[in-house]
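K.L.:
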Amino acid sequence: MKQLPVLEPGDKPRKATWYTLTPGGDSPCARVGHSCLYLPPAGDAKRGKVFIVGGADPNRSFSDVHTMDLGTHQWDSATSEGLLPRYEHASFIPSCIPHSIWVFGGADPSGNRNCLQVLNPETRTWTTPEVTTPPPSPRTFHTSSAAIGNQLYVFGGGERGAQPVQDVKLHVFDANTLTWSQPETLGKPPSPRHGHVMVAAGTKLFIHGGLAGDKYYDDLHCIDISDMKWQELSPTGTTPTGCAAHSAVAVGKHLYIFGGMTPTGALDTMYQYFFSLLA
């Protein structure tokens, strides 16, 4: 395996180059299914922090929180109380409360969850808000970074084993009103799936891949929340293979997809998809 260059604190990364970080401090133990969020700097801090929430190993699921300071590259175990153990959940930061981390759904060994919890990073406490409308059914492995403004968007997810929930509604949680809704949509939604990526860019939501049973999807779908119309896109060029449990992020006018699992093993490939933010 090729050894990657180390990115030290204060270094400026070069374009199109992978780096490894060597942070000190109290690092999280090995796990899967955790969420990873960036929280911008608060107060006099110059750099923000990355928050690792929950996750699982073969023996248990976790309710801990770890942070890494991007200025010093130091891990810290952010001792907190109140989080129900979970993995394969969604995390997001609503614009109405920008210094808070909200988590939804996921699973622990006893079953899937459909509750919401909120972390106050300053007090390091978790609370469970009183949601006034029915939430989606319990589900896991359902979304990644699909938040726009105050709202989290949830589609699909896992029900049991490799089987997804059969619900193809778009579920919307508003952190300002503490309500769930299921707006009417136009067009044909993606088929039931879990382990897909769902990423927000402007007013658009992109869904790629996922699986149902032993079928791995390679399709790419988009819905614009301004008109709530689903479209299946037809990208040109070299497209990602069918996969699940991959990661994705939108930067500018590009969607980046990395890794994932296929029937034959894990991937280490990255793909870039150009999209227009215009309707």
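Each step along the sequence shown adds one to the number in our numbering, with nothing skipped, and position 65 is 59. Cβ coordinates follow ideal geometry from the N, Cα and C atoms, glycine included.
1. Mind reading off the beta-carbon distance from VAL166 to PHE98? Whole number of angstroms is fine, and I expect it under 8 Å.
2. Please report the residue range of the beta strand (DSSP E) in which TYR267 lies.
3. Nearest CA to the CA of ALA336: which residue from GLY100, SER55 and VAL243?
4. Tell me, to the nearest whole angstrom, how far the beta carbon of TRP174 is from that of VAL112; I am working on the premise that it is less than 8 Å.
5. If you follow the beta strand (DSSP E) that ILE217 is in, where does it begin and where does it stop?
6. How many angstroms separate the CA atom of ALA238 from the CA atom of ARG133?
7. Is PRO279 near VAL159, with beta carbons less than 8 Å apart?
8. Apart from the five residues just before and just after THR73, which ones in its own chain have a Cβ nearer than 7 Å to its Cβ?
9. Can you tell me whether TYR32 is buried or exposed? The criterion is at least 16 other CB atoms within 10 Å of its CB, across all chains shown.
10. Between the alpha carbons of VAL162 and GLY151, how many angstroms are there, rounded?
11. When the Cα atoms are used, what is the spatial distance from PRO79 to PRO177?
12. Out of curiosity, what's the CA-to-CA distance linking HIS83 and SER29?
13. Are the beta-carbon atoms belonging to ASP212 and GLY236 less than 8 Å from one another?
14. Which of the three DSSP states, helix, strand or coil, is assigned to MET222?
15. By Cβ distance below 8 Å, which residues in the same chain neighbour PRO7 in space, the five residues on each side in sequence not counted?
16. Nearest to PHE252 by CA position, among SER228, GLY203 and LYS223, is which residue?
17. Would you call HIS248 buried or exposed, if buried means 16 or more other Cβ atoms sit within 10 Å of its Cβ?
18. Could you have a look at HIS28 and say whether DSSP puts it in helix, strand or coil?
19. So, does the segment 55 to 64 touch the segment 16 to 29, judging by three or more C-beta pairs under 8 Å?
20. Hey, could you find the ends of the beta strand (DSSP E) GLU2 is sitting in?
21. Sorted by chain position, which residues of the same chain lie with C-beta nearer than 6 Å to PHE86's C-beta, five sequence neighbours on each side aside?
22. Taking the alpha carbon of PHE45 as the reference point, which residue from GLY259, PRO234, ASN144 and PRO34 has its own alpha carbon closest?
23. Is GLN160 helix, strand or coil by DSSP?
24. So, helix, strand or coil for VAL125, using DSSP?
25. Please state whether DSSP places GLN145 in a helix, a strand or coil.
P.N.:
Taking the definition as stated:
1. Actually they do not touch by this definition, with Cβ atoms about 12 Å apart.
2. 264 to 268
3. This structure cannot settle anything about residue 336, because the visible part of the chain is limited to -5 through 273.
4. That pair is no contact at about 15 Å.
5. 214 to 218
6. 16 Å
7. With the chain running from -5 to 273 in the structure shown, residue 279 is simply not present.
8. ARG118
9. exposed
10. 10 Å
11. 30 Å
12. 7 Å
13. yes
14. coil
15. LEU1 and TYR13
16. GLY203
17. exposed
18. coil
19. yes
20. Premise fails: GLU2 is in no beta strand (DSSP E) and is neither H nor E.
21. TRP96, ALA141 and LEU146
22. PRO34
23. coil
24. coil
25. strand
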